[in-house]
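Report on the structure given below.
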Amino acid sequence: KLSLQDQFNSVRRQEESTTGNENGYVENGADDRAQMVRTHSDADMLTSPTKASQDEPSPRLDRAMSTPGILKSPPLDMKLPPGTASGLSAGPSEEPRPVNWDLWQTVVYEGSVAVKRTNADELREAIASGIPAPIRGVVWQVLADSKSDELETVYRTLKARGTKVEDTLKPMPMGRSDSQPLINGASTEEGLASSSASIHSEKSTPATSAMASPPLSVEGNPIDMQEKVYAEKQKRETAQMQKLEKMIKRDMGARTSYSKYTQSVGLQDGLFGVCKAYALFDEGVGYAQGINFIAMPLLFNMSEEEAFTLLVKLMNKYDLRSMFTPDMAGLHLRLYQFERLLEDMEPALYCHLRRRKVEPELYATQWFLTLFAYRFPLQLVLRIYDLVLSEGLTAIIKFGLVLMQRNRQALLETKDMSQLSSFLKEKLFDVYIDKSPSASSLLDSGFFGSVTGGADKELYRADEMVRDACEIAISEEILAKYTAEWEEQTRTERERTEELETLRSTNQTLTTRVKALEERTQQQDAEHVSIASELVNLKLLNDSLLDENEGLKLQIQELKKVVDAQPAEVEEKLKEEMERIMTRNVEVQNENRALREECEDMERELVGAKMAHAQVSPDHDALQQRFATIQAAING
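Residue numbering for the sequence shown follows the UniProt record's numbering, beginning at 1 and increasing consecutively.
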């Protein structure tokens, strides 16, 4: 396995050899170039361990030999018309930009941090001028400090998960489990504790669980039952893996960034592997569509294992991960910083966009989520990656501000919101189109054999764009200030949301109380109706007794007449009867008096019920008024 230093030395020797034998190469054409690749001592060592065999030339070395800026001219074809690729006037007459191999060798051997201490300005200028394409992948890994054999082993394990290849991978014997050492190694990487920890969860590592042996039988549980449970678990994990792979494959092919480049066709498997491996590696993020856009430029410049380790470093060291978490806090923070810096540097443009409701979320979200790779030219995106890996995500803010400044006039003249949105999403880079490209620009753009095997429709002044971005000064203090503002704003919004939730909860409580009072009032109304009904019945009964009493009095009078007309015996009997009747009359009167007293008691209870109802009514009205006030506050 070659180290980054060995890769750099091999490419440097090849480039210097190519430059020294340039004339012979131009005369002999592509055949000599192929022979040079076959005879180079390090060609096989540069080949990706998962792709190439020992008998094939290295793809990376092959790309290095065809890199713009190294060859003066491709082989001439007299049959092609002048001005076309490999035609009579194909080769530029200018000398290519010289490469400071000693500086880049110092960066690769000592690290970018050490070089920045002693020669920061020269390194900054070299990166701004563009990292040489043959060593771009190596320098990217040095800048990010991403080289890790352990993570590369983790990548191969994760990529093979759920496939037949997984059975052929033999993990290193470490610890008590034979299935986890390949993954545990990732935890030794600095800054990856949270991500590597997520791999060990049972949910995120179906393949790791699959390689483990079924648990032994315990007392009371038959082995076949345990095997059944184990098989069901494996079935669920396999279904989850198939769902993930289907989701990733749906975004492959034409939906991949730079799919028009011929070499991207051969990188689809590597892109799939990187996306799948990272989705399994970082359960908190999983698979997000923006990741395939970020990974594709990496695969153009390095093997898929190295691209995976660099992606992990970008996510953690460069804090891309916070933009892909469910709350997307990092994305919202950077959009806020970009908007505040735009307000400071271009207040007129800021107000113009603000009035037309064109927020940064509408056009700048994809800048940060894909590092400009979702739509913009590869020749510019690679230069953007150079600066991002050197300065961090602040470089994206710089490029965004530069594009806004250079398009200021066109944006201010556009009044329609839809036209503004379309311009910001598709035409921002047009301001850097090179109308009359020089010969070196043609080579840099890939017109005569680019690293990717494709060519953009337009040529861009990439150096000018990077210089403009580097000239924008964004201090750490101002970023810290805007971060504090965003955190305060987020905290205020969170408190306001919590307050609204509290008010909603209080409102629900009061509504419940109002409903309870209404139910209680309805119950009291029903009781009042019942009492009133009983009172009416009692009054009817009293009237009936009064009528009966009157009838008895009439009977008494009639009996007196009869008695007066009867003999003494009859009078005696009449007296007895009258006594009986009088006794009955007294009883009736007593009953009548008792009924009246009961009626009076009921009337008093009715009066008490009415008074209680009168007391409850103001409380009910006050609650209804408070309810209406709360509703008005919420709606307002």
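Quick reminder that beta carbons are idealized off the backbone N, C-alpha and C, glycines included.
Please read these numbers as outputs of a predicted model, since none were measured by experiment.
| Item | Value |
| --- | --- |
| May I ask you to report which of helix, strand or coil DSSP gives Ile-474? | coil |
| Could you check where the alpha helix (DSSP H) with Ile-127 kicks off and where it finishes? | 112-129 |
| Taking just the CA atoms, how far does Leu-151 sit from Glu-346? | 44 Å |
| From Gln-14 to Arg-136, what does the alpha carbon distance come to, in whole angstroms? | 15 Å |
| Fully enclosed by the segment 540-626, which beta strand (DSSP E) runs are 3 residues long or longer? | none |
| If distances are taken between C-alpha atoms only, which option among Val-99, Ile-556, Lys-398 comes closest to Glu-16? | Val-99 |
| If we count Cβ pairs, one from each stretch, closer than 8 Å, do we get three or more for the segment 322-338 versus the segment 390-401? | yes |
| Pick from Thr-153, Glu-391, Glu-495, Glu-591: whose alpha carbon is nearest that of Ala-277? | Thr-153 |
| Would DSSP call Tyr-374 helix, strand or coil? | coil |
| Bridge partners of Ile-433, per DSSP? | Tyr-460 |
| Kindly confirm or deny that the segment 516-524 and the segment 614-629 touch, where touching means at least three C-beta pairs closer than 8 Å. | yes |
| With respect to the alpha helix (DSSP H) encompassing Asn-100, which residues constitute its N-terminal and C-terminal limits? | Premise fails: Asn-100 is in no alpha helix (DSSP H) and is neither H nor E. |
| For Asn-585, collect the residues of the same chain with a Cβ closer than 7 Å to its Cβ; drop the 5 residues on either side in sequence, then sort them by chain order. | Leu-552 |
| Determine the direct distance from the alpha carbon of Val-139 to that of Val-108, and round the result to whole angstroms. | 7 Å |
| Looking at the secondary structure, which residues open and close the alpha helix (DSSP H) in which Gly-137 lies? | 136-144 |
| Would DSSP call Leu-314 helix, strand or coil? | helix |
| State the start and end residues of the unbroken alpha helix (DSSP H) segment that holds Arg-250. | 223-250 |
| Look at the alpha carbon of Met-417 and the alpha carbon of Leu-353, and state the distance between them as a whole number of angstroms. | 8 Å |
| Measure the alpha-carbon distance for Val-388 versus Leu-299 and round it to whole angstroms. | 17 Å |
| Check the C-beta distance from Leu-349 over to Met-404 and give it rounded, since I have them as a contact under 8 Å. | 6 Å |
| Following the continuous alpha helix (DSSP H) through Phe-338, name the residue where it begins and the one where it ends. | 329-345 |
| Could you compute how far the alpha carbon of Leu-606 sits from the alpha carbon of Ala-532? | 8 Å |
| If you draw a straight line from the alpha carbon of Met-465 to that of Tyr-432, how long is it in whole angstroms? | 7 Å |
| DSSP three-state label for Met-302, please. | coil |
| Check whether the segment 267-281 and the segment 241-248 are in contact - that is, three or more C-beta pairs closer than 8 Å. | yes |
| Let me check understanding here. Comparing Cα to Cα, which of Phe-368, Ile-294, Leu-342, Asn-292 lies closest to Met-328? | Phe-368 |
| Quick one: residues in its chain with C-beta nearer than 7 Å to the C-beta of Ala-34, no 5 flanking neighbours on either side, listed in chain order? | For Ala-34, the pLDDT reaches just 32, beneath the cut-off of 50, and the residue's location in the model is therefore unreliable, although a value from the coordinates is still provided. Excluding positions up to five away in sequence, the list is empty. |
| What is the residue span of the alpha helix (DSSP H) that Glu-283 lies within? | Element bounds for Glu-283: n/a, residue is neither H nor E. |
| Can you give the Cα-Cα distance for Gln-419 and Leu-342, rounded to whole angstroms? | 20 Å |
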